[in-house]
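Colleague: In this note's numbering, each residue carries its 1-based index in the sequence shown increased by 76.
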Amino acid sequence: MAKLTKNQKEALSKIDKNKIYSLAEGSALIKEITKAKFDASVELAVRLGVDPRKANQMVRGVVTLPHGTGKDVKVLALVTPDKEAEAKEAGADFVGLDEYLEKIKGGWTDVDVIITMPSVMGKLGPLGRVLGPRGLMPNPKTGTVTMDVAKAVAEVKAGKIDFKVDKTGIVHAAIGKVSFSEDKIYENAKELIDTLNKLKPTASKGIYIKSIFMSSTMSPSVQLDTKSV
77 MAKLTKNQKE ALSKIDKNKI YSLAEGSALI KEITKAKFDA SVELAVRLGV
127 DPRKANQMVR GVVTLPHGTG KDVKVLALVT PDKEAEAKEA GADFVGLDEY
177 LEKIKGGWTD VDVIITMPSV MGKLGPLGRV LGPRGLMPNP KTGTVTMDVA
227 KAVAEVKAGK IDFKVDKTGI VHAAIGKVSF SEDKIYENAK ELIDTLNKLK
277 PTASKGIYIK SIFMSSTMSP SVQLDTKSV
């Protein structure tokens, strides 16, 4: 077993293993136990009572975090020439079409989100093997395939994220930075959890939100009370 550092021991000593914290308590504690020299991301891991192998229990959606993610999201807008100006004005970092399709074909994926138009999706199909594994393939369900390119770019830049339950039934999402105030971490986390509750599949029986853990890039995780949200 790897030897714990002084900071890791100190962080663990502040967590009561027998306690399940409220969302407000967890939001404060995560700031206290993170000693990284950089602005660490704060993440939630929410275990759902669903079977992701069944199509009628797949949970996927988008949420606009009230205080953003704290991350400078790099956006590529794959659009026709008539949409380029509005994409640039809305804040897209890269705008174009064929030249970027060629770059992606060559393995370039130095972006966080790709936004495109329905008429362009046919050209993106062959790039699925590059974009799919990286979670970059645009999807109408997440608002990244749209005619309103400017709105989509602006929303992503403002803190709109998409999430999807993994094969083990857990949703992982970054909901801010340790430099955020406790209130901002709390409100961002609550927005994600409220959104998940609205997406409960009718086929899901029993307890839907089974557990919630909050952690930062460099901290142990803190278990949250599912009833406190």
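For each residue, glycine too, the CB sits at the ideal point set by N, CA and C.
By a C-beta neighbour count over all protein chains shown, 10 Å radius and 16 as the cutoff for buried, is residue 223 buried or exposed?
Modeller: exposed
Colleague: For residue 290, write down the residues that DSSP places opposite it in a beta bridge.
Modeller: 120, 298
Colleague: So residue 187 and residue 170 are in contact, right, with Cβ under 8 Å, and what is the actual spacing, rounded?
Modeller: That pair is a contact at about 7 Å.
Colleague: DSSP three-state call for residue 168: helix, strand or coil?
Modeller: coil
Colleague: Is residue 18 near residue 293, with beta carbons less than 9 Å apart?
Modeller: A query on residue 18 cannot be resolved here, the shown segment of the chain reaching from 77 to 305 and no further.
Colleague: Candidates 279, 108, 142: which alpha carbon is nearest residue 233's?
Modeller: 142
Colleague: What residue does the beta strand (DSSP E) around residue 137 start on, and which one ends it?
Modeller: 136-140
Colleague: Hey, does residue 294 have any beta-carbon neighbour from chain C nearer than 9 Å?
Modeller: In the structure shown, chain C cannot be found, because there is only a single protein chain.
Colleague: Suppose you measure from the CA of residue 237 to the CA of residue 194; what does that come to, to the nearest Å?
Modeller: Residue 237 and residue 194 have their C-alpha atoms spaced approximately 20 Å apart.
Colleague: Within 10 angstroms of the Cβ of residue 394, are there 16 or more other Cβ atoms? Answer buried if so, exposed if not.
Modeller: Only positions 77 to 305 of the chain appear in this structure, which leaves residue 394 out of reach.
Colleague: Out of 191, 235, 216, 241, point me to the one whose CA is closest to residue 226's CA.
Modeller: Answer by Cα proximity: 191.
Colleague: Taking the straight line between their C-alpha atoms, what separation do you get for residue 163 and residue 172?
Modeller: Approximately 9 Å between the Cα atoms of the pair.
Colleague: Roughly how far, in whole angstroms, is the beta-carbon of residue 207 from the beta-carbon of residue 176, given that I think they are within contact range, below 8 Å?
Modeller: Rounded, the Cβ-Cβ distance is 12 Å, inconsistent with contact.
Colleague: Suppose you measure from the CA of residue 200 to the CA of residue 145; what does that come to, to the nearest Å?
Modeller: 27 Å
Colleague: Report the rounded CA-to-CA distance for residue 291 versus residue 157, giving the unit in angstroms.
Modeller: 43 Å
Colleague: How far does the beta strand (DSSP E) with residue 250 in it extend, from its first residue to its last?
Modeller: 246-253
Colleague: Go ahead and label residue 244 buried or exposed: buried means 16 or more other beta carbons lie within 10 angstroms of its beta carbon, across all protein chains shown.
Modeller: Answer is exposed; the Cβ neighbour count stays below 16.
Colleague: May I have the straight-line CA-CA distance separating residue 182 from residue 124, to the nearest angstrom?
Modeller: Linking residue 182 to residue 124 through their CA atoms gives a straight-line distance of about 38 Å.
Colleague: State buried or exposed for residue 264, treating a residue as buried only when at least 16 other CB atoms are found within 10 Å of its CB.
Modeller: Label assigned to residue 264: buried.
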